[in-house]
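The structure appears below as structure tokens.
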Amino acid sequence: MISKIISATTIILLVSIILATPIAADPTSVSLNAPEMMDGDFSVTIDMINVVDLDAGQFDLHFDPAAARVVSVDDGNIGGTPLPIDNWAAIGENGIRILFNLPGLDGVSGSGSLATIHFETIVPGNCAMELSDGLLINTMAKTIPASWNGVESAATDTGTTAPVDTTDCKTPGFGAVLVISAFAAVIFAFRQEK
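In this note's numbering, the protein residues as written are 8 to 201.
This is the structure:
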């Protein structure tokens with residue numbers, strides 16, 4: 008009888024350990040969606056996939072100001088929820104910084120866009136643009152690791168970006184799995200005694 012209890016407990020604990028193994032979450036990614044050529048009025052969208060509890064953030068968009076001029080910046084939209092642009096301003100000689108912030112503390116999860124930037128072409132040609140200094144903040148005021156145009160980064164305490172070596176992982180509560188497994192082993196043992 009004791010050997011059955013030990014066998015059942017061992018099997019249940021092994022299954023619990025397997026269930027508690029970290030599972031890679033879908034990574035958050037941000038990408039620049041721009042036309043190949045600039046000619047006339049055109050728009051650029053900053054797309055986002057798989058964000059969880061987004062509250063605020065910022066990014067810089069670099070372009071040639073001799074070739075195009077920013078006319079306006081529209082709010083983004085994540086999963087049907089508007090993502091208000093808080094502010095945008097020129098930075099340096101060749102870019103703009105865009106700040107966004109959701110009102111309240113609810114945050115938003117899903118996919119969509121951070122912003123749409125409308126341009127007027129000054130000199131037609133190739134559309135050469137680049138995203139940099141991206142920062143995403145969740146509802147707990149923590150940085151959301153994200154891939155910005157294929158480059159993994161997460162903000163450090165200084166607010167700058169640094170490479171990220173690991174994928175964000177979600178692990179079921181090991182303690183809860185262990186308690187359930189132990190409870191199942193006890194029930195199994197008592198059923199075997201009868």
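Beta carbons are placed, not taken as given, at the ideal position from N, Cα and C, and that holds for glycine. Only a predicted model underlies this, so the values are computations on that prediction, with no experimental measurement involved.
- In the assembly as shown, Asp62 is a buried residue. Its beta-carbon has 16 or more other beta-carbons within 10 Å.
- Straight through space, the alpha carbons of Ala74 and Asn101 are spaced by roughly 10 angstroms.
- Gly119 is bridged by DSSP to Met55, Ile85.
- It is roughly 9 angstroms from the alpha-carbon of Ile124 to the alpha-carbon of Phe49.
- Counting other Cβ atoms within 10 Å of its Cβ, Met55 reaches 16 or more and is therefore classed as buried.
- Beyond the five residues adjoining it in sequence on each side, Thr52 comes within less than 6 angstroms, by CB distance, of Asn40, Ser120, Thr123 in the same chain, given in chain order.
- DSSP, reduced to helix, strand and coil, places Ile98 within a strand of the structure shown.
- For Ile144, the closest C-alpha among the options Ser116, Pro42, Leu68 is that of Ser116.
- Looking at the DSSP output, Thr128 bridges to Ala75.
- The three-state reading of DSSP puts Ile92 in strand, counting E and B together.
- The beta carbon of Ser154 sits closer than 8 angstroms to those of Pro34, Thr35, Ser36, Val37, Ser160, all from its chain and outside the five residues before and after it, given in chain order.
- A distance of 8 angstroms or more separates the beta carbons of Leu112 and Thr88.
- Bounds of any beta strand (DSSP E) do not take in Leu109, whose DSSP letter is neither H nor E.
- From the listed residues Ile92, Lys149, Gly157, the smallest Cα separation to Asp60 is found for Lys149.
- Straight-line measurement puts the Cα of Pro91 at about 24 angstroms from the Cα of Pro42.
- Annotation for Ala96: Ile103, Arg104 place their beta carbon closer than 7 angstroms to its own, counting only its chain and skipping 5 residues before and after.
- By the Cβ-count criterion, Gly83 is buried, with 16 or more other Cβ atoms from all chains shown falling within 10 Å of its own Cβ.
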